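K.L.:
Got a structure for you, written out below as C-alpha cells; questions coming shortly.
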Amino acid sequence: MAGSTLTRRALIAGAGGAALAAPVLAQSLVDLGLPGGPSLRPLDPAFPGKGEMIVQRIRPPLLETPMDVFREGVIAPNDRMFVRWNWDMPTAVKAANHRVAVGGAVNTPVSLTLDEVAAAGETVEVVAINQCAGNGRGLSEPRVTGTQWGNGAMGCAKWTGVRLRDVLAKAGVTEGAKRVRFAGLDVPLTDGAPQFIKSIPMDIALRDDVLVAWAMNGEPLPLLHGFPLRIVVPGWFSTYWVKMLSTIEVLTGEDDSYYVAKSYRMPAAPITPEDKDFATVPITEMPPRAFITSHADGAVVAQGQALTLEGIAMGGAAALARVDLVGDGWELPCTLGPDEGPYAFRRWQVTVPQVTANLAQIGVRAANITGAVQPETLAWNPSGYARNVIERITLRPQ
Amino acid sequence: MRAAAIPLAFLALALAACDSAPVVTFADASITLPDDPIELPAGPEPGRTAVLENCTACHSPSTMLQQPKVSREKWEGIARKMIEVYKAPVDPQAIGPIADYMVHVQASQPPR
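Which chain is which? The protein sequence lines are A and B, in order.
My numbering numbers the first residue of the first sequence as 1 and each following residue consecutively.
My numbering numbers the first residue of the second sequence as 1001 and each following residue consecutively.
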C-alpha cells in the first residue's frame, strides 16, 4: 500500500455508521466508531487486486469498504468491493476443469463446463447491491459477537451472467421442487463441520433477474469475489450469493442445512436483549437504508449559510421511493439522483436553506415503494443482522 | 427488469465470432493471499498458548481480538460453539484457560 497517498486518503477514509468518516488515529488504522471498542482496524496488509480496504481479518479474508468509496459514486469499483469468506477460500481455479453440477430433483443431472453455463441462455446484466447480512453489526447496542463490521460490508455493482432458471433448465426441474441450494468450492477445514451452502425458494430461483454471474462491473469475477461464477439474488442479502459456484441442488423439501436452518436467522418478531427463547426466520430480503456521505460526524458547517448534504440510499428488496433528512422535530425531503434500477444505490441530495437549527443527531431515512421505512430505533437481534436503523450524525454550526 | 445488455468487454468477443461462439472466455485464476502473522497480546498462561494452539487454525486472531467485551461465560460458550458446530479440535481442558486469557486481554484493551 503506497505511503503518502495512504496517509492523505486515510484522513478522509472514515467508516462506520454513526461515525461516518471517523478520524484516523495512525497512518494505517481507521476508527470504525464501534461503541465501547475495540474500534481501530488496520488498512493493511494489501490484498492482490484490492485497493485500500479495512482489514477486519486476513484469514479467511474479511475486507470492509471504507465509507469514502460511497462518496465517489453508486458503483463500487471491483478493487473496493467488500470481501467476506466464512471458511478458507481456494486460491486457484482452473477454468477448463471447473464444473457446475446440477442435481437433486431434476430430470437429468448434468455437469456443466463454464462455457456451457455461459451459453445456457441470454446474457443478462443487473445492477444490484451486494450487502452482508451482518453489515453494521459492530454498531449494535448492546454489542453482539460476530464479525465486527462498520457499515462498509456493502457495495453496488453491475453483474453479468445467465439466468439461474436457464441453467436449471439444462437439467430440468421436476415437479414438487421447493428450493434450490448452492455450494461453492470453499469447504470446511474439519470433518463434520458445516459447509457454507445456501438455498432459496423456487419462486425466487425462477426470477428474471436471479443470475449465475461471471462478471462484476464488466470484468471477470476476481477470485476474492467468487471466480468463476457466483449467484446473484438482487434485493436479498449476499449470504445467498454463493461464490465459486460448483453445485446446484434442487430440493423437494425444507433445507435443514446449518447455514439456513441454524444460522443467518432473525427473530420472527421483535425481541429485547433479555429474551432468550424466540422463534426465528431466515434472513432474506434487504430493508431500505440511507447514508450521509458528504459530511462526517462532528463536521463543522457555516452558521447562517445554506448547507447541501449528499449521500446514497437503497430501497432494499424493492425500489427506493423517497429519502428524507430528519432532525429533532423536523424533516426535509431529499432529491433523488439517477435511477440505475430498483436494486441499485441511488444518490440523494438536500439543501438546508439556512443553517440556524440544531443539527445534532440528524439522519437520512429511506422508504421503498412497498412502504418499508427505516426505523427510529434499532431492531436489535442477537446476531446483529439486517441493521437499518436511521444512521445519525451531529454537525456543528460555527 | 432492465433490458439485457452485453458489456463492452464481452461485446467485442461476441461480434468477432459467429453465433455459437462463447459470450465470455474464462481464463485460469490464482491469487497469493497475504501472510497471516499469528500475533497475540501478552497475557496469562497457559491461556495464551492454548489460544494459539486451538483457535488460530481456522481464522486469524483478529476473529477473537476484535470482539466486544463479553463475560467469561460467553467466552466459554464461544469455545464450546467452535467445538460443537465447527468441529474445532480443542482439548476441553483448554476452555478455562482460553476464557481466562480472552477476559484478561479484553480488560486490558484501550477503550477504542
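We treat Cβ as the ideally placed atom computed from N, Cα and C, and that holds for glycine.
In this text the structure is predicted, and so the values were computed from the model without any measurement.
(1) Work out the CA separation of A/G36 and A/A19 for me, nearest whole Å.
(2) Counting C-beta neighbours from all protein chains within 10 Å, is the total for A/W85 16 or more, i.e. buried, or is it exposed?
(3) How far does the beta strand (DSSP E) with A/R57 in it extend, from its first residue to its last?
(4) Does A/S383 get closer than 9 Å to chain B when you measure Cβ to Cβ?
(5) A/Q303 lies in the alpha helix (DSSP H); which residues open and close that run?
(6) By the DSSP assignment, the beta strand (DSSP E) with A/E175 in it spans what residues?
(7) Can you give, in chain order, each stretch of the alpha helix (DSSP H) that sits fully within the segment 39 to 121 of chain A and has at least 4 residues?
(8) In whole angstroms, give me the CA-to-CA distance for A/I271 and A/V117.
(9) Mind pulling the chain A residues with CB within less than 8 Å of B/H1059?
(10) If we cut at 9 Å on Cβ distances, does B/P1041 have a partner in chain A?
(11) Using 8 Å for Cβ pairs, my map puts A/S140 next to A/G384. What's the rounded Cβ distance?
(12) Under 9 Å, Cβ to Cβ, is there at least one residue of chain B near A/G36?
(13) Tell me whether the beta-carbon of B/Y1101 lies closer than 9 Å to the beta-carbon of B/P1044.
(14) Does the distance from the CB of A/T65 to the CB of A/M81 come in under 9 Å?
(15) Using a Cβ cut-off of 8 Å, which residues of the segment 182 to 210 of chain A contact any Cβ in chain B, in chain order?
(16) Decide if the segment 181 to 188 of chain A is in contact with the segment 248 to 263 of chain A; the criterion is three or more beta carbon pairs, one per stretch, under 8 Å apart.
(17) Give me, in chain order, the residues of the same chain whose beta-carbon lies closer than 6 Å to that of A/R137; leave out the 5 immediate sequence neighbours on both sides.
(18) Throw me the rounded Cβ distance for the A/A386 and A/Q374 pair, which I believe falls under 8 Å.
(19) According to the Cβ coordinates, are A/V242 and A/K198 closer than 9 Å?
(20) Quick one: using the 10 Å Cβ neighbour count with 16 as the cut-off for buried, is A/S39 buried or exposed?
(21) How about A/H98: is its C-beta nearer than 9 Å to some C-beta of chain B?
(22) Compare the C-alpha of A/A177 against each of A/C156, A/T113, A/L359, A/I200 and name the closest.
(23) As a quick exercise: from A/A95, A/R396, A/N78, A/V126, pick the residue whose alpha carbon is nearest that of A/T356.
(24) Using a threshold of 9 Å, state whether the C-beta atoms of A/F237 and A/A133 are closer than that.
(25) Does DSSP put A/V212 in a helix, in a strand, or in coil?
(26) Quick one: Cα of B/V1070 to Cα of A/R99, how far?
(27) Is the CB of B/S1030 under 9 Å away from at least one CB in chain D?
(28) Among the residues of its own chain, which have a CB less than 8 Å from the CB of A/K276, if the five just before and after it don't count?
(29) How would you label A/E122, buried or exposed, when you count the other beta carbons within 10 angstroms and need 16 or more for buried?
(30) Within 9 Å of any Cβ in chain B, is that where the Cβ of A/T145 sits?
(31) Can you tell me whether DSSP reads A/A133 as helix, strand or coil?
(32) Alpha carbon to alpha carbon, how far is A/G235 from A/E125? Give it in angstroms, no decimals.
(33) State the Cα-Cα distance for the pair B/D1035 and A/V127, rounded to the nearest angstrom.
(34) Whose C-beta lies closer than 6 Å to the C-beta of A/A279 among residues of the same chain, with five residues either side of it excluded?
(35) Indicate the three-state DSSP secondary structure (helix, strand or coil) for A/D203 in the structure shown.
(36) Taking the beta strand (DSSP E) that B/I1031 falls in, what are its first and last residues?
P.N.:
With the given structure in hand:
(1) For A/A19, the pLDDT reaches just 39, beneath the cut-off of 50, and the residue's location in the model is therefore unreliable, although a value from the coordinates is still provided. Roughly 13 Å separates the two Cα atoms.
(2) Within a 10 Å sphere around the beta-carbon of A/W85 sit 16 or more other beta-carbons, which makes this residue buried.
(3) Residue range 54 to 57 is occupied by the beta strand (DSSP E) that includes A/R57.
(4) At a cut-off of 9 Å between C-beta atoms, A/S383 does not count as an interface residue with respect to chain B.
(5) Counting along the chain, A/Q303 falls outside any alpha helix (DSSP H), and DSSP gives it neither H nor E.
(6) For A/E175, there is no enclosing beta strand (DSSP E), as DSSP marks it with neither H nor E.
(7) Within the segment 39 to 121 of chain A, the complete alpha helix (DSSP H) runs of at least 4 residues are 69 to 72, 114 to 118.
(8) Rounded to the nearest whole angstrom, the CA to CA distance from A/I271 to A/V117 is 44 Å.
(9) Going along chain A in sequence order, the residues near B/H1059 (Cβ under 8 Å) are R57, R59, P60.
(10) Under the 9 Å criterion on CB atoms, B/P1041 is classed as non-interfacial with respect to chain A.
(11) Contact flag correct, Cβ pair sits at about 4 Å.
(12) So yes, A/G36 belongs to the interface.
(13) Their beta carbons are under 9 Å apart, which means B/Y1101 touches B/P1044 by this criterion.
(14) The answer is yes: Cβ separation under 9 Å.
(15) In summary, the residues of the segment 182 to 210 of chain A whose CB is separated from some CB of chain B by less than 8 Å are P188, L189, T190, D191, G192, A193, P194, D208, D209, in the order they occur in the chain.
(16) Three or more beta-carbon pairs separated by less than 8 Å link the segment 181 to 188 of chain A to the segment 248 to 263 of chain A, which places the two stretches in contact.
(17) Counting only Cβ-Cβ distances below 6 Å, and skipping sequence neighbours, we find G146, W149, G384.
(18) Wrong, their Cβ atoms sit about 11 Å apart, outside the cutoff.
(19) Judged by beta-carbon spacing, A/K198 lies within the 9 Å limit of A/V242, meaning their Cβ atoms are closer than that value.
(20) A/S39 comes out buried.
(21) It does; some Cβ of chain B falls within 9 Å.
(22) Checked all of A/C156, A/T113, A/L359, A/I200; the closest Cα to A/A177 is A/I200.
(23) Nearest to A/T356 by C-alpha distance, out of A/A95, A/R396, A/N78, A/V126, is A/R396.
(24) Yes, Cβ-Cβ distance for A/F237 and A/A133 is below 9 Å.
(25) Three-state result, A/V212: strand.
(26) For B/V1070 and A/R99, the distance between alpha carbons rounds to 44 Å.
(27) The structure shown contains no chain D; the protein chains it does contain are A and B.
(28) Contacts found: none.
(29) By the C-beta density criterion, A/E122 is exposed, having fewer than 16 other C-beta atoms within 10 angstroms.
(30) Yes, contact with chain B.
(31) It is coil, neither helix nor strand.
(32) In this structure, the straight-line span from the alpha carbon of A/E125 to that of A/G235 is close to 15 Å.
(33) For B/D1035 and A/V127, the distance between alpha carbons rounds to 34 Å.
(34) Within the same chain, Cβ atoms closer than 6 Å to the Cβ of A/A279 are found at A268, the five residues on either side in sequence being excluded.
(35) Of the three classes helix, strand and coil, the one that applies to A/D203 here is helix, per DSSP.
(36) Element bounds for B/I1031: n/a, residue is neither H nor E.
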